[in-house]
Amino acid sequence: MAMTEQRVSYTLDSSLETIDRAEEKATRIATELGFAEDEIMQISMAVREGAVNAVLHGNAYAPDKKVTLAFEQTGQDLVITIRDQGAGMDISKIPNPLAPENLLKTSGRGIFLMRSFMDVVEIRPSQTGTELKLIKHVHGQAAGGKEASQ
Amino acid sequence: MSMKVGSRNIDGVTIVDCSGRITLGEGSVILRDTVRELLSKGNKKIVLNLADVNYIDSSGIGELVSAFTTTKNQGGELKLLNLTKKVNDLLQITKLYTVFDVKDDEASAVKSFK
């Protein structure tokens, strides 16, 4: 673990345990930053889905490949970055899970859920891995002490 | 908390009481194995009681869909009972609320099977 005043990062194995750990860390950090209960759930679930993608679809459980997870507070944003060392995903090929023909598919909802729960979702695939950036704006009584909006 | 299941039979309908988390890994596997075992024994009227399920991820959602379609493909019916707000919200945003037959009381869930 490396840590600065406003940034904390972790290097994790490509394992199922990493997914649970990433979720736990997201929950703890979002709680410490003062997000509302429903926002904490949204952030932790988005991070879990991002970690699932990194471990399963990116690194494919390869023991020699790592997942890096970073949390950063910048101004009024919580910025979460998840990187894998996989071959990079083609995001244009991800089907819309809300399309009638896809509703009964058993997978393909992870990125949709991340986009539903976070304010910004950026996916940057490359030949050396995929970088996922998740941003949640501070809306309520969270860090920074902005006026509550809900 | 990992997932736990227990099943009981009411008027030919199997109620599967689920608790904990339905997520990638153990939770999804337990649900899959439970439904497959019920179907293999001829129990094709299934209600998943999710009252004590406090968390479902996308893999868990996929597992619910798989349970629904597997049961339907074998001539059975699978319904959901007692969704928590979190699970209800997830099914709403994924539009799966319109796919599943969702009940909020056990007696009417049992009676709803043909």
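Chains as they are written, first to last, in my numbering: chain A, 32 to 181; chain B, 139 to 252. By construction, the Cβ of each residue, glycine as well, lies at the ideal position given by its N, Cα and C atoms. It should be emphasised that the depicted structure is a prediction, and the values quoted were computed from it without experimental measurement.
**Request:** Could you tell me if V151/A is buried or exposed, where buried requires 16 or more neighbouring beta carbons within 10 angstroms of its beta carbon?
**Result:** Reading the first sequence from its first residue, position 120 is the one you call residue 151/A. By the neighbour-count rule (16 or more Cβ atoms within 10 Å), V151/A is not buried but exposed.
**Prompt:** Among all the DSSP beta bridges, which residues are the ones paired with H168/A?
**Reply:** Position 137 of the first sequence, counted from the first residue, corresponds to residue 168/A. Per DSSP, D108/A.
**Host beta strand (DSSP E) of N84/A (start-end)** = Along the first sequence, one-based indexing puts residue 84/A at 53. Note, N84/A: premise wrong, no beta strand (DSSP E); not H, not E.
**Request:** Can you say whether G144/B is buried or exposed, counting buried as having 16 or more other CB atoms within 10 angstroms of its CB?
**Result:** For the purposes of this step, residue 144/B is taken as residue 6 along the second sequence, with counting starting at 1. Its Cβ having fewer than 16 others within 10 Å, G144/B is exposed.
**Asked** What's the gap between the Cα of V86/A and the Cα of A189/B?
**Response** Taking the first residue of the first sequence as position 1, residue 86/A is located at position 55. Taking the first residue of the second sequence as position 1, residue 189/B is located at position 51. Here the alpha carbons of A189/B and V86/A stand approximately 30 Å from one another.
**Request:** Look at the alpha carbon of L129/A and the alpha carbon of K142/B, and state the distance between them as a whole number of angstroms.
**Result:** Counted from its first residue, the first sequence places residue 129/A at position 98. Counted from its first residue, the second sequence places residue 142/B at position 4. Answer to the nearest angstrom: the Cα atoms are 30 Å apart.
**Those runs of the alpha helix (DSSP H) which lie wholly inside the region 189 to 213 of chain B and span at least 4 residues** = Fully enclosed alpha helix (DSSP H) runs of 4 or longer: 196 to 211.
**Asked** Is the shortest distance between the beta-carbon of L177/B and the beta-carbons of chain A less than 8 Å?
**Response** Within the second sequence, the letter at position 39 stands for residue 177/B. Closer than 8 Å: no.
**Message:** Which residues in chain A have a C-beta closer than 9 Å to the C-beta of G200/B? List them in chain order.
**Reply:** Translated into the one-based positions of the second sequence, residue 200/B becomes position 62. One finds K136, T137, S138, G139 and R140 in chain A with Cβ atoms closer than 9 Å to the Cβ of G200/B, taken in chain order.
**Asked** Do you know whose CA, among S196/B, T152/B and L221/B, lies nearest G139/A's CA?
**Response** As a first step, residue 139/A must be located in the first sequence, where it is residue number 108. Checked all of S196/B, T152/B and L221/B; the closest Cα to G139/A is S196/B.
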